[in-house]
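As they're listed, the protein sequences go chains A and B.
All residue numbers for the first sequence refer to the numbering used here, where the first residue is 1 and numbers rise by one.
All residue numbers for the second sequence refer to the numbering used here, where the first residue is 227 and numbers rise by one.
Think of the CB as a built atom: it goes at the ideal place given N, C-alpha and C, for glycine as much as any other residue.
Down below is the structure, laid out as structure tokens.
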Amino acid sequence: MSPAALTAIRLILQRDLRVAFRRPGQLLQPLVFFIMVTLLFPLGVSPELSRLREIAAGVLWAAALLASLLALEFLFREDAHDGTLEQQVLSGQSLTAAIFAKTLAHWLLTGLPLALVTPLAAASLGAPSASWAGIVVAVLLGTAALSLIGSIGAALTLGVRRGSLLLPLLVLPLSLPVLIFGARATQLAIAGAPYLAPLQLLAALAVLGVTLAPLAAAAAVRVSLE
Amino acid sequence: MAWTWFHRLGSPPYVYALCARLTPWLAWPAALLIAGGLYAGLVLAPPDYQQGEGFRIIYVHAPSAWMSLMVYTVMALAAATGLVWRIKVAHAVAAACAPIGASFTFAALVTGSLWGAPMWGTFWEWDPRLTSELVLLLLYLGYLGLRSAIDDPQRADRASAVLAVVGVVNVPIIHYSVVWWNSLHQAASVMRIGKPAMPPAMLLPLLAVLAGFTLLFAALLLVRVRGEILERERGARWVAQELAQS
Numbered sequence: 001m002s003p004a005a006l007t008a009i010r011l012i013l014q015r016d017l018r019v020a021f022r023r024p025g026q027l028l029q030p031l032v033f034f035i036m037v038t039l040l041f042p043l044g045v046s047p048e049l050s051r052l053r054e055i056a057a058g059v060l061w062a063a064a065l066l067a068s069l070l071a072l073e074f075l076f077r078e079d080a081h082d083g084t085l086e087q088q089v090l091s092g093q094s095l096t097a098a099i100f101a102k103t104l105a106h107w108l109l110t111g112l113p114l115a116l117v118t119p120l121a122a123a124s125l126g127a128p129s130a131s132w133a134g135i136v137v138a139v140l141l142g143t144a145a146l147s148l149i150g151s152i153g154a155a156l157t158l159g160v161r162r163g164s165l166l167l168p169l170l171v172l173p174l175s176l177p178v179l180i181f182g183a184r185a186t187q188l189a190i191a192g193a194p195y196l197a198p199l200q201l202l203a204a205l206a207v208l209g210v211t212l213a214p215l216a217a218a219a220a221v222r223v224s225l226e
Numbered sequence: 227m228a229w230t231w232f233h234r235l236g237s238p239p240y241v242y243a244l245c246a247r248l249t250p251w252l253a254w255p256a257a258l259l260i261a262g263g264l265y266a267g268l269v270l271a272p273p274d275y276q277q278g279e280g281f282r283i284i285y286v287h288a289p290s291a292w293m294s295l296m297v298y299t300v301m302a303l304a305a306a307t308g309l310v311w312r313i314k315v316a317h318a319v320a321a322a323c324a325p326i327g328a329s330f331t332f333a334a335l336v337t338g339s340l341w342g343a344p345m346w347g348t349f350w351e352w353d354p355r356l357t358s359e360l361v362l363l364l365l366y367l368g369y370l371g372l373r374s375a376i377d378d379p380q381r382a383d384r385a386s387a388v389l390a391v392v393g394v395v396n397v398p399i400i401h402y403s404v405v406w407w408n409s410l411h412q413a414a415s416v417m418r419i420g421k422p423a424m425p426p427a428m429l430l431p432l433l434a435v436l437a438g439f440t441l442l443f444a445a446l447l448l449v450r451v452r453g454e455i456l457e458r459e460r461g462a463r464w465v466a467q468e469l470a471q472s
């Protein structure tokens, strides 16, 4: 990667983070959503921790998937709206690098905080404290993969009628492997079993996403801004 | 020159005429193979010693499932061709594939579920292959949804082409993650139709129906491609002349 692209990545990252921190309410939305969804299950299923522990992994991952889907809404939308994205396409710098930087910023703003509050949600679902470290690592890797996969869907639905309804249909089928491996790692961690294998598969998905998703998302942004 | 036949495939009027010429050559063998294969499979083939008469649904189910994957591959290849070389006809082929593929996927799901009712005692079992088919149906629906949500046809072509290519990279990953997920969750393996040890009286009709479905897909594709081309080229003069003649 050329030095110019690295500088572009750094600058876009700084800019996106700065813009996002001017609207803290928007940052909290997915987090609050995540906590709310995990809260619904004890109320709906049973207050017994032993029963909740059985479904904890699935609940955590379904909630994380939905929260990250919710957050995808503001990955490109505002920048496309005010023309920033168009300038980035026209700038002559690698659009793939720019998309990668934006996705990285998005993950830092949504995936990372989500992983940090996961122990809270996991504890409320009866996960023992020994399993938290494994769960947090799984959520870190999983949300990275979800942000990367989601960037393609977000780019494709830019400026599309009913885009926010279409986005889940495009992104969720592609996110199933993340859900499967993430929930599996979490389940094993809660049971106190070795969970390295599904964690490695999650990492593999994240690496695959880093290498391929920005390319596809850049192509999609070019199409959407035509 | 040797390459001129290839370049002509980029020309809508030529492809339109070619599709019309080829369709009967595909449709009639398809009809014969499917009719013959189904007769041999549903009537002549002996009942399975374990599953009895119920196994016969395989003659519709397995070819549909096979086609659902093949059509997605054809769609992604056509989409990639259209994306890279900007060939309008390739995009028309990809657009024509999607509804056919979604129908085959739906047929595979319905027949799989109907087969499951007597065999598993339930209409839906989270069998890895059925689950993969369900995800594939969602991928098709996403493709169709994206295409219908974008008004500008060229933008719709290219956006859905990106999605098709992304999808085809993901299909094997999804399939194997579902297989892995299921093998961990489900203790006892369900009864399977064994791949080997299928007597020729059962296997040959299956192969005939499979070949018939493939030809049927090709014939349906050509008909749909003609429709797509007509819709895309409706302002062109050759379309007016063509329609005036017929």
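Distance cutoff 8 Å, beta carbons only. Does isoleucine 313 (chain B) sit that close to anything in chain A?
If you number the second sequence from 1, residue 313 (chain B) lands on position 87. Output row for isoleucine 313 (chain B): interface = no.
Proximal residues to valine 297 (chain B) (C-beta, below 7 Å), its chain only, five neighbours per side dropped:
On the second sequence, residue 297 (chain B) is found 71 positions in, with the first residue counted as 1. Beyond the five residues adjoining it in sequence on each side, valine 297 (chain B) comes within less than 7 Å, by CB distance, of Cys323, Ile326, Gly327, Phe330 and Phe443 in the same chain, given in chain order.
What is the rounded straight-line gap between the Cα of proline 425 (chain B) and the Cα of tryptophan 132 (chain A)?
One-based indexing of the second sequence puts residue 425 (chain B) at position 199. One-based indexing of the first sequence puts residue 132 (chain A) at position 132. In a straight line, the C-alpha of proline 425 (chain B) is about 54 Å away from that of tryptophan 132 (chain A).
Could you check what DSSP says for glycine 347 (chain B) in three-state terms: helix, strand or coil?
Position 121 of the second sequence, counted from the first residue, corresponds to residue 347 (chain B). Here glycine 347 (chain B) sits in coil by DSSP.
Could one say the Cβ of tryptophan 407 (chain B) lies closer than 8 Å to chain C's Cβ atoms, at least one of them?
This model lacks chain C altogether; the protein chains it does include are A and B.
Would glutamine 88 (chain A) be called buried (16 or more neighbouring beta carbons within 10 Å of its own) or exposed?
Position 88 of the first sequence holds residue 88 (chain A). Buried, since its Cβ has 16 or more Cβ neighbours within 10 Å.
How long is the line joining the alpha carbons of valine 269 (chain B) and glycine 342 (chain B), rounded to whole angstroms?
One-based indexing of the second sequence puts residue 269 (chain B) at position 43. One-based indexing of the second sequence puts residue 342 (chain B) at position 116. Across the structure, valine 269 (chain B) and glycine 342 (chain B) are spaced so that their CA atoms are roughly 21 Å apart.
Any chain B beta carbon closer than 8 Å to valine 160 (chain A):
As a working note, residue 160 (chain A) is residue 160 in the first sequence. Chain B, which has a Cβ nearer than 8 Å to the Cβ of valine 160 (chain A), makes this yes.
Given that a residue counts as buried once 16 or more other Cβ atoms are within 10 Å of its Cβ, and exposed if not, what is serine 46 (chain A)?
By 1-based counting over the first sequence, the position of residue 46 (chain A) is 46. Exposed: under 16 other Cβ atoms inside 10 Å.
Considering only DSSP beta bridges, list what aspartate 274 (chain B) is partnered with.
Within the second sequence, the letter at position 48 stands for residue 274 (chain B). B:Gly278, per the DSSP bridge assignment.
Return no unless some Cβ of chain B is closer than 8 Å to the Cβ of serine 78 (chain A).
Locating residue 78 (chain A) in the first sequence gives position 78, where the first residue counts as 1. Residue 78 (chain A) is actually glutamate in this sequence, not serine. Look at glutamate 78 (chain A): its C-beta is not under 8 Å from any C-beta on chain B.
Within a Cβ cutoff of 8 Å, which residues of the same chain sit near valine 449 (chain B), ignoring the five residues on either side of it in sequence?
If you number the second sequence from 1, residue 449 (chain B) lands on position 223. Cβ-Cβ distances below 8 Å link valine 449 (chain B) to Cys245 and Thr249 in the same chain, with the five nearest sequence neighbours on each side left out; the list follows chain order.
Only counting the same chain, and skipping five residues up and downstream in sequence, which positions put a Cβ closer than 6 Å to that of alanine 304 (chain B)?
One-based indexing of the second sequence puts residue 304 (chain B) at position 78. If we look at alanine 304 (chain B) and ignore the five residues flanking it on each side, its Cβ neighbours are Ala316, Val319 and Ala320.
For histidine 81 (chain A), count the other beta carbons within 10 Å of its own beta carbon; 16 or more makes it buried, fewer makes it exposed. Which is it?
Start at 1 with the first residue of the first sequence, and residue 81 (chain A) comes out as number 81. Burial call: exposed.
Any idea what DSSP makes of valine 45 (chain A), helix, strand or coil?
Reading the first sequence from its first residue, position 45 is the one you call residue 45 (chain A). Per DSSP, reduced to three states, the secondary structure at valine 45 (chain A) is coil, with no helix or strand assignment.
Straight-line Cα distance separating leucine 252 (chain B) from proline 238 (chain B):
On the second sequence, residue 238 (chain B) is found 12 positions in, with the first residue counted as 1. On the second sequence, residue 252 (chain B) is found 26 positions in, with the first residue counted as 1. Here the alpha carbon of proline 238 (chain B) sits roughly 20 Å from the alpha carbon of leucine 252 (chain B).
Taking Cβ-Cβ distances shorter than 8 Å, what residues in chain A pair up with arginine 224 (chain B)?
Any question about residue 224 (chain B) goes unanswered here, given that chain B covers just 227 to 472.
Leucine 174 (chain A) to leucine 125 (chain A), Cα distance in whole Å?
If you number the first sequence from 1, residue 174 (chain A) lands on position 174. If you number the first sequence from 1, residue 125 (chain A) lands on position 125. Approximately 27 Å between the Cα atoms of the pair.
Start and end residues, alpha helix (DSSP H) containing aspartate 16 (chain A)
Locating residue 16 (chain A) in the first sequence gives position 16, where the first residue counts as 1. Counting along the chain, the alpha helix (DSSP H) containing aspartate 16 (chain A) begins and ends at 3 to 21.
Determine the chain B residues that contact isoleucine 55 (chain A) at a beta-carbon separation under 8 Å, and present them in chain order.
On the first sequence, residue 55 (chain A) is found 55 positions in, with the first residue counted as 1. Per Cβ cutoff of 8 Å: no residues; isoleucine 55 (chain A) is ~13 Å from chain B at best.
Would you say alanine 193 (chain A) and isoleucine 135 (chain A) are within 8 Å of each other, going by their C-beta atoms?
The residue given as residue 193 (chain A) occupies position 193 in the first sequence. The residue given as residue 135 (chain A) occupies position 135 in the first sequence. For alanine 193 (chain A) and isoleucine 135 (chain A), no; Cβs fall outside 8 Å.
Beta-carbon neighbours of glycine 371 (chain B), restricted to chain A and to distances below 7 Å:
Along the second sequence, one-based indexing puts residue 371 (chain B) at 145. Within chain A, the residues whose beta carbon sits less than 7 Å from that of glycine 371 (chain B) are Leu166 and Leu169, listed in sequence order.
Extent of the continuous alpha helix (DSSP H) run through proline 238 (chain B):
The residue given as residue 238 (chain B) occupies position 12 in the second sequence. For proline 238 (chain B), the uninterrupted alpha helix (DSSP H) run begins and ends at 238 to 265, by DSSP.
Would you report the Cα separation of alanine 62 (chain A) and threonine 7 (chain A), rounded to the nearest angstrom?
Sequence index remark: in the first sequence, residue 62 (chain A) carries index 62 (1-based). Sequence index remark: in the first sequence, residue 7 (chain A) carries index 7 (1-based). Using only the alpha carbons, I get a separation of about 36 Å.
Could you work out which residues of chain A lie near leucine 364 (chain B), taking near to mean beta carbons separated by less than 8 Å?
Numbered from its first residue, the second sequence carries residue 364 (chain B) at position 138. Per Cβ cutoff of 8 Å: Leu169, Leu172 and Pro173.
Reference valine 59 (chain A); option with closest CA among A:Ala183, A:Tyr195 and A:Ala20
Residue mapping note: residue 59 (chain A) aligns to position 59 of the first sequence, counting from 1. Here the closest residue by C-alpha is A:Ala183.
Kindly give me the distance between the Cβ atoms of valine 404 (chain B) and serine 358 (chain B), rounded to whole angstroms, as I take these residues to be in contact under 8 Å.
Residue 404 (chain B) sits at position 178 when you count from the first residue of the second sequence. Residue 358 (chain B) sits at position 132 when you count from the first residue of the second sequence. Contact flag correct, Cβ pair sits at about 5 Å.
Contacts of arginine 173 (chain B) in chain A (Cβ-Cβ under 7 Å):
The shown model of chain B, from 227 to 472, leaves out residue 173 (chain B), and the question about it has no answer.
Residues of the region 175 to 189 of chain A whose Cβ lies closer than 8 Å to any Cβ of chain B, in chain order:
Residues of the region 175 to 189 of chain A with a C-beta atom less than 8 Å from some C-beta of chain B are Leu176, Pro177, Ile180, Phe181 and Arg184, listed in chain order.
List the residues of chain A that serine 329 (chain B) touches, going by C-beta distances under 8 Å, in chain order.
To locate residue 329 (chain B), count along the second sequence from 1; it is residue 103. Proximity of chain A to serine 329 (chain B) at the Cβ level (cut-off 8 Å) is not reached, the minimal Cβ distance being about 18 Å.
Using beta carbons (cut-off 8 Å, strictly below), is leucine 70 (chain A) in contact with chain B?
Numbered from its first residue, the first sequence carries residue 70 (chain A) at position 70. The C-beta of leucine 70 (chain A) comes no closer than 8 Å to any C-beta of chain B.
I believe leucine 142 (chain A) touches leucine 202 (chain A) by the beta-carbon criterion, under 8 Å. Please report the beta-carbon distance rounded to the nearest angstrom.
Here residue 142 (chain A) is taken as the residue at index 142 of the first sequence, counted from 1. Here residue 202 (chain A) is taken as the residue at index 202 of the first sequence, counted from 1. Per the sequence shown, the amino acid found at residue 142 (chain A) is glycine instead of leucine. The Cβ separation is near 6 Å, so the contact holds.
Report the rounded CA-to-CA distance for proline 214 (chain A) versus tryptophan 352 (chain B), giving the unit in angstroms.
In the first sequence, residue 214 (chain A) corresponds to position 214, counting from 1. In the second sequence, residue 352 (chain B) corresponds to position 126, counting from 1. So the two alpha carbons sit approximately 33 Å from each other.
State the DSSP-derived secondary structure class of leucine 225 (chain A), mapped to helix, strand or coil.
To locate residue 225 (chain A), count along the first sequence from 1; it is residue 225. In the three-state reduction of the DSSP assignment, leucine 225 (chain A) falls in the coil class, being assigned neither a helical nor a strand state.
Under 8 Å between beta-carbons, which chain A residues line up against isoleucine 400 (chain B)? List them in chain order, please.
Taking the first residue of the second sequence as 1, we reach residue 400 (chain B) at position 174. When 8 Å is used as the limit between beta carbons, isoleucine 400 (chain B) is near these residues of chain A: Pro173, Leu174, Leu176 and Pro177, in chain order.
Kindly indicate if chain A contains any beta-carbon less than 8 Å away from that of glycine 368 (chain B).
Position 142 of the second sequence, counted from the start, is the residue given in the question as residue 368 (chain B). At least one chain A Cβ lies under 8 Å of glycine 368 (chain B).
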